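Each residue of the sequence shown is one higher than the one before, starting from 17 at the first, in my numbering. This report refers to the structure that appears directly beneath it.
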Amino acid sequence: MSADRERLVLIGKESVGKSALAAGLTGSQPADENVGGSTVSSEVYRTDGFELVDTPGITLEADSETTREALAELEATDRVVLVVPATDLDRDLEDLLPLVEGRPGAVVVTHWDRIDDADDAEGTIAALESDLGVPVVPVDARRLTRVAADGGVAPGADPAAGADVGSVLEALRYAGSFPVETTTHAGWEIEPSETILERPYLGPIASALVLLLPAIVAVWFANTVAGELDPIVGAALEPAVGWIEATPLPEPVAAAFVSDYGLLAMGPFLFVWALPTMLIFALFMGAYKASGLVTRVTTALHPVMRRVGLTGRDLVRVVMGFGCNVPAVTSTRSCSDCTRCTTISAISFGAACSYQFPATLAVFAAVGMSWLVVPYLAVLVATTLLYVRLIAPPEARTTSLAVDRRTFLEWPRPRAVWREARSSLASFLTTALPVFAGICVVAALLEYVGVLERLGDALVPAMGAFGLPAEAALPIVLASIRKDGIALLTADASGIAALSPLQVLVAVYLAGVLLPCLVTAITVAREVSARFVARMLARQAAAAVAFALALAWTGRLLF
């Protein structure tokens, strides 16, 4: 931290606008810094005179990693900015003032645009400021007004936005000490209107469809765009492949680039199928969160999901895994301790990531059975829920949701969507891609020395139990290292064309759920422990084999 910057920590509940406030006050993205050596999602925003630490939202009822991180950052910082929404001002102050008692700081009241009578409300804010003894500043964090060069308000300023950036920063310089409670109450009860998501029976159905929408768009993309682009990108890489083959390089080095599993061979799949799929899910989840929709969906699905041992909040993390397992696993830090490991197991088992999902679609398209995506998703969802129900601890089925208010819905702004999606993209580029490149090299070398082929041959007898040919063994083995290995089912075009729809479904399902990819396993080990990963792998493999056998045998009996 620079000596001329004062460090302030933003404390508040979830969805009160802390991130929008920090970005609006500084006009910048968060700096690339881990707070206090932590790996959880506190972020630092810098302006000329301040460093603003945006902490995760506090959920007082949840024993989550993110809440502990926010409280730890509060303990390590002297000056506090308490961020509370105007729509729930009294309750948030009652809950949070005891946490900041005696600390110097200020209060920023967000969602000021939701107040109808601003003039009367400003009198309440003045009374509250006098009672608390700290600055109280009302703002619309999404539309903070910049000050013009002459010291006046910049042209086009919106009066509903409340204070401008300069006024907020000035108030933060004159911090008082927080009391434990206040006797001044606003008495505002501002509730957002209900939607179909709040209806008892239609709500969970509509919420499930909302979460399925990114998958539907990804399927559309695969069938209309990716399939056309794949040969074009492959052709563009042919000169590089030809150059490497013509250059007298050591054979292992050449294999790392141009073998079936090499970097150049997998390049088209990675950038035509995997990266766009990840972006589709990241942008959808960013829009859901920026609009407030994700909290509504979470609340609607909670009564259903609690029966299997997850909360509605946990299910959203599992769906995030369809874009990339890395940020999905990392985001489980906001889960309750009693459901976090179960949620990670659900992501590992049933979240078909941006490698697995497009590879699956590519296989279905190659055999002319694109319609198989519907039964595939149905089987994947059903077995994942059953698997979670079997492994979830009893206390997970009684945990509360820890969402104490209904959020307002609004059209997501592009900057807010990108801010939310940026973290998923960063995880994909900085964590998933380097590991993916390493796996490509290792897999290519294993193929070069014949290890993969021998391992596949050893599994040939086991394939008979699932009604699968010997050629299915190698893709299933490789998919346990990286999920795009599923696409190798298409390597023998005549062989896969001879498979029945049931055999294709069983092969793709088993390859997808037998084990998580190496990237996911490494991430889980870093987030929890290597011992937990070992237990999770054994449990998942046993469940996958049982489910795949049941699918194969039941299918043969019925069809």
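No residue lacks a Cβ here, since even glycine has one placed at the ideal position from N, Cα and C. No experiment lies behind these values; they were computed from the predicted model shown.
Remark: three or more beta-carbon pairs, one from each stretch, lie closer than 8 Å, so the stretch 56-66 and the stretch 178-197 are flagged as touching. Selection K29, E85, A559, R119 evaluated against T75 yields K29 as nearest (Cα-Cα). Taken through DSSP and simplified to helix, strand or coil, F237 comes out as helix.
For the options I497, T358, L309, the alpha carbon positioned closest to that of L425 is the one of L309.
Around L109, the same chain offers V100, T198 as residues with beta carbons nearer than 7 Å, after the five sequence neighbours per side are excluded. As the crow flies, the alpha-carbon of Q556 is around 12 Å from that of A537. The Cβ atoms of R329 and C357 do not sit closer than 8 Å to each other. The C-alpha of T327 lies about 21 Å from the C-alpha of C369. A Cβ-Cβ separation of about 57 Å leaves V241 out of contact with G192 under the 8 Å criterion. Beta-carbon to beta-carbon, G121 and R95 are separated by about 6 Å, close enough to satisfy the 8 Å threshold. Cβ neighbours of A527 within its own chain (closer than 6 Å, five residues either side excluded): P491, I492, A495, I502.
Taking the C-beta atoms as reference points, S58 is found no nearer than 8 Å to T42. By the C-beta criterion, the stretch 209-217 is judged not to be in contact with the stretch 296-307, since fewer than 3 inter-stretch pairs fall below 8 Å. Judged by beta-carbon spacing, L98 lies beyond the 8 Å limit of V69, meaning their Cβ atoms are not closer than that value. Counted as a single uninterrupted DSSP element, the alpha helix (DSSP H) harbouring I538 occupies residues 534-543.
For the pair P264 and A270, the Cα-to-Cα distance works out to about 9 Å. When DSSP states are grouped into helix, strand and coil, Y61 belongs to the strand group.
For G243, the closest C-alpha among the options V467, A381, L574, T539 is that of A381. By the Cβ neighbour-count rule, W387 is exposed, with fewer than 16 other Cβ atoms within 10 Å of its own.
A direct Cα-Cα distance of roughly 31 Å separates T376 from S307. For W128, the number of other beta carbons within 10 angstroms of its own is at least 16, and it is reported as buried.
In this structure, DSSP gives D133 a state outside helix and strand, which the three-state scheme calls coil.
Take V540, set aside five residues on each side of it, and the residues of its chain with a beta-carbon closer than 8 Å to its own are V345, I360, S364, P532, F548, V549, M552, in chain order.
The three-state reading of DSSP puts E138 in helix, counting H, G and I together. Comparing C-alpha distances from A478 to each of T400, R438, V561 shows the shortest one belongs to V561. Apart from sequence neighbours up to five positions away, the residues of its chain that approach S223 with a beta-carbon distance below 7 Å are L213, V313, A316, L317, ordered along the chain.
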